[in-house]
Amino acid sequence: MNQILATQNNKKSSKKTGIKSVVMFFAFSIILFGVVLIGEGSYAIYKNIQDKNPANIPSVTIQRVNDELVVNITNNTEIMKIKYTWDNGEENVIPINDYNAEERIKLLGYNSTLNLTVEDINGKQVTYQKQYILDGVDITKPNIAINTSNGSSKMTIVATDETAISRLTYSWEGEEASTVFAETEDQKQIEKELTLTPGTRTIKVIAEDKNGNIQEKEQEIITSTSRPKHEIYRNGNQVTFHVEDEDGIKYILVNINGETYAGDNINRKSLDTGPFILKEGNNILYIEITNVSGYTESAATEIEYTPQ
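The sequence shown lines up with residues 183 to 490 when you count with my numbering.
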C-alpha cells in the first residue's frame, strides 16, 4: 500500500515539475519577445531622433540673382542627388555625389512655388518648399553689345535695359576696372567708346540695372595696325601667291581645288608661296592669311585654265 502511494506521489511530483517547466519556458519566451520588441522600439526612436537632429539635416540656402536661383547645399552625409519641380510641373533630377552642391535654377517669370528635395547616399530625403512672387518684380538682365570691326582702332560698348540702366563696368585682362554711371535716373542706355592698341586681348564687361540685375560678357578683341594683302601671279598652268603684312605674317592657308596647304609661325612681312599647279578647266582658289596681331583676311577666286 505504501508502495502504491509512493508511486502515485512520484507521478504527481513529476507532473508538477513538467507543468512548472512549461510555465517557465513560456514565461522566458514572453520576456525574450518583450526584450526584442523593446530593442526594435528603441532603434526606431533613436533613428527618429537622429532624423530630427539639426546636424543631420542638409543646410540649404537659396538666393535670387536676376532670373535665376542660386542654390547652395551642405550635408554631413554624401548628397546623392537633388530633385526639383515648379508647382506640379515636370521633375528635374541633378546627380551630386558630394557633400556640397551649388546649382542654378531658372525662374519661370511668374508667381510659382519651388519644391526641392535633397536625397543622401542612404536614401534619406528632405524636402523644402518656397514660393516666389514675381508680380511687378524686374528680373530681366541688361543687354551688352561690343561693337568693333576687324582692323579698326575703335571699339564701342553699349549697355541697355528695358527699365533703367545703372552702371557699365569694363576691364582688360590684367588691368583695373573702369566704371561709367548713368547720368539720369531713367536712363536706358550707356555707351562707351574705347581706343584699341594692336594685339589680341580679352575684355570683360559688366552691366547693372537699377533693380540690381547683372549681365556679364567676355570677348576676345583682335586689333591690328595693318591688314594682310595678297596678289596672284600666273605663269601657264602655275599660280603663285605673293603675301605681305606690315606687322608680320603668322599663318597662311591655301586651298586649290579642295587640296589644302598651310604654314604656321612664319613671322615674316612678305613672302611668295607656291607655285601651285592648275588643272584643265575651272579651278577654285582660296587663301586665308593671319598676321601676328591675330587679324585674318581671306579671299576666293576662280581661274580657268586651257592648255595651249
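Just so you know, even glycine gets a beta-carbon here, dropped at the ideal spot from N, CA and C.
Of the residues the options, the one placed nearest residue i, counting alpha carbons only
i, options, result
"Glu-484", "Lys-392, Asn-465, Tyr-477, Thr-259", "Asn-465"
"Asn-297", "Ala-482, Val-253, Ile-326", "Val-253"
"Ala-346", "Ser-335, Asp-280, Ile-396", "Ile-396"
"Leu-378", "Asp-280, Thr-338, Asp-320, Ile-388", "Thr-338"
"Val-340", "Asn-293, Val-362, Ile-321, Arg-416", "Val-362"
"Glu-250", "Asn-238, Asn-282, Tyr-281, Arg-286", "Arg-286"
"Val-275", "Ile-326, Val-308, Leu-453, Lys-265", "Lys-265"
"Asn-393", "Ile-321, Gln-420, Gly-456", "Ile-321"
"Gly-456", "Asp-446, Val-425, Ser-241, Ala-482", "Val-425"
"Ser-335", "Asn-417, Ser-408, Gly-418, Lys-461", "Ser-408"
"Arg-416", "Ala-444, Ile-434, Glu-367, Leu-467", "Leu-467"
"Glu-365", "Arg-246, Glu-373, Lys-306", "Glu-373"
"Gly-318", "Ile-239, Gly-305, Asn-293, Thr-330", "Asn-293"
"Gln-369", "Glu-344, Lys-451, Ala-359", "Glu-344"
"Asp-454", "Glu-413, Ala-481, Glu-358, Gly-418", "Glu-413"
Contact set for residue i: own chain, Cβ-Cβ below 8 Å, skip 5 residues either direction
i, result
"Thr-384", "Trp-354, Glu-355, Glu-400, Gln-401, Glu-402, Ile-403"
"Thr-295", "Trp-268, Asp-269, Gln-311, Lys-312, Gln-313, Tyr-314"
"Tyr-281", "Thr-256, Asn-257, Asn-258, Thr-259, Glu-260, Ile-261"
"Gly-216", "With a pLDDT of 39 at Gly-216, under the threshold of 50, the modelled position of that residue is not reliable, and no figure is offered here."
"Gln-232", "Unreliable placement is indicated for Gln-232, whose pLDDT of 49 sits below 50; no coordinate value is reported for it."
Cβ shell of residue i (< 7 Å), same chain only, five flanking positions each side left out
i, result
"Val-474", "Asp-429, Gly-430, Lys-432, Asn-449"
"Ile-303", "Thr-259, Glu-260, Met-262"
"Ile-212", "Low confidence applies to Ile-212: its pLDDT is 42, below 50, so where it sits in the model is not reliable enough to give any reading."
"Glu-479", "Arg-409, Pro-410, Ile-471"
"Asn-447", "Lys-432"
Element boundaries [beta strand (DSSP E), containing residue i]
i, result
"Gly-381", "381-391"
"Ile-339", "336-342"
"Gln-420", "420-438"
"Ile-261", "250-268"
"Val-362", "360-363"
"Ala-283", "274-288"
"Arg-409", "No beta strand (DSSP E) holds Arg-409; DSSP gives it neither H nor E."
"Pro-457", "450-459"
"Lys-374", "371-377"
"Tyr-487", "478-487"
"Ile-244", "241-247"
"Ile-328", "325-330"
Cβ-Cβ separation, residue j to residue i (assumed contact under 8 Å), whole Å
i, j, result
"Thr-342", "Gln-371", "5 Å"
"Glu-390", "Ser-348", "5 Å"
"Thr-442", "Glu-462", "In fact, because the Cβ distance is near 21 Å, the residues do not count as touching under 8 Å."
"Ala-444", "Ile-434", "7 Å"
Sequence-distant residues of the same chain with beta carbon closer than 6 Å to residue i, five excluded per side
i, result
"Asn-325", "Thr-342"
"Thr-309", "Thr-299"
"Glu-284", "Asn-254"
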